[in-house]
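J.: When the sequence shown is numbered by the working numbering, its final residue is 572 and no position is left out of the sequence of numbers. Note that CB positions come from ideal geometry on N, CA and C, so glycine has one too.
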Amino acid sequence: MLWACILLPQLALDSVLRERDDADAPLVLVGGPQQRRVLQAVNPAAAALGLKAGQALTAARALADGFECVEADPARIEHLQRLLAAWAYRFSAQVSLHYPRAVLLEVGSSLQLFGPWPRFEARLREELAALGLRQRIVLASNPVAARMLANGHDGLALTCAEDTRRALARMPIGRVGLAADAAQAFARMGLQQLGQVLALPRDALAKRFSAQVLLHLDQLTGLRSMALDFYQPPDRFETRLELNFDVESHQALLFPLRRMLNDLAAFLAGRDCGVQRFNVYLEHAEGPETLLQVGLLAAERDATLLFELARGRLEPLRIPAPVRNLRLVAEDLPPFVPQHQALFDPRAKQAQPWPQLRERLRARLGDEAVNGLRAEADHRPECAWQVAEQGAASGLSVTAGSRPGWLLSTPQALEPAAHIVLGPAERIESGWWDGGDVRRDYYRIETRDGLRGWAYQDLAQPGPLWLQGWFA
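1. I think A421 touches E386, with their Cβ atoms under 8 Å apart; what is that distance to the nearest whole Å?
2. In the DSSP assignment, find the beta strand (DSSP E) that holds A104 and state where it starts and stops.
3. Report all residues from its chain with a CB closer than 7 Å to the CB of A572; omit the five preceding and five following residues, and keep chain order.
4. Do you know offhand how far Q181's Cα is from V195's?
5. I177 to V429, Cα distance in whole Å?
6. So, are the CB atoms of P524 and P564 less than 9 Å apart?
7. In whole angstroms, give me the CA-to-CA distance for R480 and V423.
8. From which residue to which residue does the alpha helix (DSSP H) around Q140 run?
9. Which residues mark the beginning and the end of the beta strand (DSSP E) in which T321 is found?
10. Check for me: the beta strand (DSSP E) holding V538 runs from which residue to which?
11. Quick one: residues in its chain with C-beta nearer than 8 Å to the C-beta of L507, no 5 flanking neighbours on either side, listed in chain order?
12. Just checking my contact of A311 with L294 at CB under 8 Å: how many whole Å lie between their CB atoms?
13. Distance, Cα to Cα, A282 vs R225?
14. My guess is that V116 and L127 are in contact by the Cβ rule of under 8 Å, so how many angstroms apart are they, rounded?
15. Which of the three DSSP states is assigned to N242 in this structure?
16. Of all the options L320, P511, P301, which has the alpha carbon lying nearest to the alpha carbon of I273?
17. What are the complete beta strand (DSSP E) segments, minimum 3 residues, inside the segment 196-241?
18. Would the segment 130-145 count as touching the segment 225-243 if we require 3 or more Cβ pairs under 8 Å?
19. Taking only the alpha-carbon atoms, compute the straight-line gap between Q436 and L461 and give it to the nearest angstrom.
20. Is the beta carbon of R247 closer than 9 Å to that of L111?
21. Is A403 near C373, with beta carbons less than 9 Å apart?
22. Figure out for me which residue from R427, A104, W533, L417 has the closest Cα to the Cα of H253.
23. Within 10 Å of its beta-carbon, does V244 have 16 or more other beta-carbons around it, so buried, or fewer, so exposed?
24. In whole angstroms, what is the alpha-carbon distance linking P109 and V203?
25. Assuming A164 and L151 make a contact with CB atoms under 8 Å, what is their CB distance in whole Å?
26. Report the residue from D122, A146, R120, D121 whose alpha carbon sits nearest the alpha carbon of V130.
27. CA-CA distance, V313 and F286?
28. Where does A555 land, buried or exposed, given buried means 16+ other C-beta within 10 angstroms?
29. R544 and L514: beta carbons closer than 9 Å?
30. Go through the segment 363-395 residue by residue and report every complete run of the beta strand (DSSP E) that reaches 3 residues or more, in order.
31. Who are the Cβ neighbours of R358 in its own chain at under 6 Å, not counting the five residues just before and after it?
32. Roughly how many whole angstroms lie between the Cα atoms of V207 and A175?
33. With a threshold of 6 Å on Cβ separation, who are the neighbours of P438 within its own chain once the five nearest residues in sequence on each side are excluded?
34. Between the beta-carbon of L465 and the beta-carbon of Q376, is there less than 9 Å?
35. Rounded to the nearest angstrom, what separates V470 and V487 at their Cα positions?
Following this line, the structure appears as structure tokens:
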């Protein structure tokens, strides 16, 4: 087995920066008791002002000005770590959150699907960067070794137990996950690297150190395996984003909405499903929250498409009060079947598949503006086509080109000189049973502009031809 450890050294800070469209502005995370507030993390812009983690907030304010303070939120960090587990689940069925700020996944059985490790690692880094997260990634023969090697390395790939043991031997004793008192005891003995500890007689170690220390050393070197709890994806997705200030415009809501839908897309990909309906709640400082419902006719999971659909629903929405928080909930998560495409797609790059165009039209024009058609067993053209839900099955098959694709809502009289008749008439006599009796002779016509239509002559009231529809 091969285990990858994805260490997120700045997870607390990244969890805040990824939600902001001004990530380059000076920002610090603060924590600790009210009597002594301490900087827990600083972004590069704040570090350029001379601020650093561990400083007292009062000292930082005396040193520099113009930086923003954000309270460290453990709940936000935990939520983001679970989102990462859902994302990693698409690459491996064995994903663990045993260590804080880290994701462990078994990748030995995934290499045949995702390619050799350098290509696999590059894909992991690219997708993590898209999620707004800095990372260290290490590959080793067991999960404990991968996690501890990530403390001092990035990009290290060890595919056998012997290479893993040699790399561990060079690790500083204070960075291999030992308890602080044990690490200090080894340092006082003059042992600076793990290899020096492993070279000691095991009986001597057992007399001077607890069984927990020996167990950790055995797990590091792969002599014992660690029992890990593996992640299981939930049946629903929910996320909440606190805005920096009250937002009154639709435009200012687009960036946080895009970030939330990117997270939803990562969750769906990891769970190998799509979303057919989700709700966005706009929470206000006062009054009830505003509900934005987004429904699709088929399951989708493309982040760009989901954002465009939500944006189309948001823009015409009247926001009754400034928005303070956003919350997204998705519970309708059916299986996702990607659309099959030819190897050499003849469509232009700008062209869109019909399902995506249909959803964009529904988002822009409304659910009732885009409908399907169903053929009915009736010869009268105005009765033969009925509005139906998208994808509704019909028991009748219609030969392409036998009937016009566009029927006029009201037939229009034609001037005799404005068209020519193509071919013989087709007589339709029907509707005596429902009071809509018709007796008509239908003709294919062509106008002076080359347009082809379908027109009829009413046999009950002879007169001009009446245009009823156009052929494509």
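T.: Put simply:
1. Contact holds; Cβ gap of about 7 Å.
2. In this chain, the beta strand (DSSP E) harbouring A104 covers 103-107.
3. If the five residues before and after A572 are omitted, its C-beta is found closer than 7 Å to the C-beta atoms of G505, all from its own chain and listed in chain order.
4. Distance between the alpha carbons of Q181 and V195: 12 Å.
5. Approximately 19 Å, taken between the alpha carbons.
6. Remark: C-beta atoms of P524 and P564 do not approach each other more closely than 9 Å.
7. Across the structure, R480 and V423 are spaced so that their CA atoms are roughly 53 Å apart.
8. First-last for Q140: 138-142, but that is the beta strand (DSSP E), not the alpha helix (DSSP H).
9. It is not in any beta strand (DSSP E) - T321 instead sits in the alpha helix (DSSP H) that spans 311-321.
10. Element bounds for V538: 538-547.
11. Cβ within range, chain order: P481, E482, W485, Q568, G569.
12. At roughly 18 Å, the Cβ-Cβ gap does not stay under 8 Å, so A311 and L294 are not in contact.
13. The straight-line gap from Cα to Cα measures roughly 35 Å.
14. About 7 Å separates the CB atoms of V116 and L127; that is less than 8 Å, so the two are in contact.
15. Here N242 sits in coil by DSSP.
16. Selected option, being the one with the closest Cα: L320.
17. Taken in chain order, the complete beta strand (DSSP E) segments of 3 or more residues contained in the segment 196-241 are 202-206, 236-240.
18. By the Cβ rule, the segment 130-145 does not count as touching the segment 225-243, because fewer than three pairs are nearer than 8 Å.
19. At residue 436 the sequence reads Phe, which differs from the Gln that was named. One Cα belongs to F436, the other to L461, and the distance between them is close to 21 Å.
20. Their beta carbons are not under 9 Å apart, which means L111 does not touch R247 by this criterion.
21. One thing to note: A403 has its Cβ no nearer than 9 Å to the Cβ of C373.
22. The residue with the shortest Cα to Cα distance from H253 is A104.
23. V244 is buried by the Cβ-count criterion.
24. When rounded, the separation of the alpha-carbon atoms in P109 and V203 is 12 Å.
25. Between L151 and A164 the Cβ distance is about 6 Å, and since that is below 8 Å, they are a contact.
26. Checked all of D122, A146, R120, D121; the closest Cα to V130 is A146.
27. Roughly 11 Å between the two C-alpha positions.
28. Answer is buried; the Cβ neighbour count reaches 16.
29. Using a Cβ distance threshold of 9 Å, R544 and L514 do not count as a contacting pair.
30. The segment 363-395 is shown to contain whole beta strand (DSSP E) runs of 3 or more residues at 375-384, in chain order.
31. Result list for R358: F407, in chain order.
32. C-alpha separation (whole angstroms): 29 Å.
33. Counting only Cβ-Cβ distances below 6 Å, and skipping sequence neighbours, we find nothing.
34. No. Outside cutoff.
35. Put simply, the backbone Cα of V470 is about 10 Å away from that of V487.
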